[in-house]
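Heads up, the thing below is written out as structure tokens.
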Amino acid sequence: MNMKKFVARKAFPVICAAFISVVIAGCGDDSSNSTPASPETTNPVVTPTDSSTITPVTDPVTDPATTPTDPTVTDPSTDPATNPENPGQDPVVTDPTDPVTNPPADTTVNPSTPTDPTMTAAGFYRDPAAAGLVLAPDTNGFYDVGDIYKAVPADAKIVYVLRHAERESGLGKESPLTEVGLQQALDVGAKLKSDESFYYGATDFLRTQTTAAKIAEGRGETTEVVTMEEINGGYFLTVPSDSLDAMVSKRGGSFKYVAMWCYEQPFPTLLVNLGLPGYFYDLMERGDQFVNEVVLANLPYWKRVNVLITHDLLTEPLAVYASNRTVDLKTYESYRWINYIAGVTVIVTADNKVVVLPTRGVERGFLNTRDMVK
755 MNMKKFVARK AFPVICAAFI SVVIAGCGDD SSNSTPASPE TTNPVVTPTD
805 SSTITPVTDP VTDPATTPTD PTVTDPSTDP ATNPENPGQD PVVTDPTDPV
855 TNPPADTTVN PSTPTDPTMT AAGFYRDPAA AGLVLAPDTN GFYDVGDIYK
905 AVPADAKIVY VLRHAERESG LGKESPLTEV GLQQALDVGA KLKSDESFYY
955 GATDFLRTQT TAAKIAEGRG ETTEVVTMEE INGGYFLTVP SDSLDAMVSK
1005 RGGSFKYVAM WCYEQPFPTL LVNLGLPGYF YDLMERGDQF VNEVVLANLP
1055 YWKRVNVLIT HDLLTEPLAV YASNRTVDLK TYESYRWINY IAGVTVIVTA
1105 DNKVVVLPTR GVERGFLNTR DMVK
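Going by the numbering used here, the letters in the sequence shown line up with residues 755 to 1128, in that order.
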């Protein structure tokens, strides 16, 4: 065999294999088992933030958007913001007070919600120290009516909104106070004893009218009790209280469901969940509204110290509101419910700071619903 042909035959496979290897190497790596190759420096990868992906190339001669007649477009070669080497043009500086370049935030669209738990959304204080008052709650978070009266200076105003004293069984308007209830009211009056005259208001129920009168008697005061419709027990309800009773009377009673609403707990059954939430206003918003439209709006017509006697359906939510849900009146869990002669106190200082405090007139701010008079 010719030696040249023999060498050519032997060398041909080797040359082919080398050629194929070069071709394969030029096709890239398998991404499933290797590290991605670095991009070529002559062909950069364009990221989504690169303006070249969204800005079309235009003819500077024919495109009116880039002609000198358009004052909104700057020349990158003369704009120091894009060409720091050319200081010939000052960067645009906006005036932080200019309403055109820096418009104020639209608080109607995105209102600022206070996050300080010591204040309500309306700016009422839950901490008496913030208003310069030296007061301490008991271990359950309630402030005693007598302690409040002693701590508040003479140039500040006080409004007590309290539940009536212990009553006899029965839900009618003529249900009287028990002997214990009569003594409770007298004892609270003794805590508030002084020479100044108070204002007394109550709903048109015998038990609330009697409680107010007995507190006045305990103070050594004889006074008229003004009937007030605006402090009835249905203030936090969007429906009559009878409608609430009809919904929950066979499902654990109103105490349980009112407390669950106060503490934003889900109701236990689908039927109740579908209907009951619409029976109530928002607790915190309605609490602020009560202070504003019932207390502060009427305060110029009342006296320095005022005692308003109402019902548990009002004082339970008010105490929870005033404490920012920190007092335990969770009937559904602890069987605790607002006690007799307990509720909330609104204090207005001489410099118009408003303080709201969960308040008790008797030993505790809560009672056990299993021991409660029905």
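Note that beta-carbon positions come from the ideal geometry of N, C-alpha and C, so glycine has one too.
What you are looking at is a predicted structure, and each value in this text was computed from that prediction instead of being measured.
Judged by pairs of C-beta atoms under 8 Å, the stretch 927 to 934 does not touch the stretch 1113 to 1121, as fewer than three such pairs exist. Following the DSSP letters along the chain, one finds V1061 inside the beta strand (DSSP E) bounded by residues 1059 to 1064. Annotation: the continuous alpha helix (DSSP H) that includes Y1011 extends over 1008 to 1016. Across the set N1093, L991, A876, F1044, the C-alpha of N1093 shows the shortest separation from the C-alpha of G1119. For K911, the number of other beta carbons within 10 angstroms of its own is at least 16, and it is reported as buried. Annotated three-state conformation of A884 is helix, per DSSP. For the pair of segments examined, the stretch 978 to 988 was found to touch the stretch 951 to 966: the number of CB pairs separated by less than 8 Å reaches three. If you check the CB distance, R961 and R921 come in under 7 Å. Closest by C-alpha distance to A905, out of K1084, V1059, Y1089, is V1059.
Between V913 and T1099 a beta carbon distance of about 7 Å is seen, short of the 8 Å cut, so the two are scored as contacting.
One Cα belongs to V1109, the other to D898, and the distance between them is close to 15 Å. For A876 against N1046, the beta-carbon gap comes to about 7 Å, under 8 Å, which counts as contact.
Comparing C-alpha distances from Q1043 to each of T1064, T1023, P1071, S995 shows the shortest one belongs to P1071.
Counting only runs of 4 or more residues that sit fully inside the stretch 1046 to 1120, the alpha helix (DSSP H) segments are 1066 to 1076, 1085 to 1088, in chain order. In the three-state DSSP reduction, K911 falls in the strand class (E or B).
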